[in-house]
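In the numbering used here, the protein residues as written are 1112 to 1232.
The C-beta atom is built at its ideal place from N, Cα and C for all residues, glycine as well.
Quick caveat, the model's predicted, so the values are computed rather than measured.
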């Protein structure tokens, strides 16, 4: 028990140092508005049970920190199947970049922070 408490005490400060994520839940209205404005956009197709999706979160947070102008939306893999069909997504842990209305890149299952940050051009 003492080891467990020491481990928790060691991890808590690290968790507090993680940046807050500014992404928002996907809505077609907000996505269309961002596209119409010509925003840089990243869609993160995410499932709460997906370990790869969780492993992508630090890379997405890095992108948000380095590029605050990028609008990040989280698409729920389990409940937003209509969005997945339109985007032709068949797997959680998919990242899709847009420049306005144009798709500029897509990664599936990639957890490397630099690759994720470099996806949005």
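Proximity to residue i [Cα-Cα], best of the options
| i | options | result |
| --- | --- | --- |
| residue 1212 | 1225, 1198, 1222, 1223 | 1198 |
| residue 1193 | 1156, 1178, 1231, 1151 | 1156 |
Per-residue burial, residue i [other beta carbons within 10 Å of its own, 16 or more giving buried]
| i | result |
| --- | --- |
| residue 1182 | buried |
| residue 1172 | buried |
| residue 1185 | buried |
Coarse secondary structure for residue i, derived from DSSP in three states
| i | result |
| --- | --- |
| residue 1214 | strand |
| residue 1205 | strand |
| residue 1158 | coil |
| residue 1171 | helix |
Element boundaries [alpha helix (DSSP H), containing residue i]
| i | result |
| --- | --- |
| residue 1192 | 1192-1198 |
Residue span of the beta strand (DSSP E) that contains residue i, given as start and end
| i | result |
| --- | --- |
| residue 1137 | From DSSP, residue 1137 is part of no beta strand (DSSP E); its letter is neither H nor E. |
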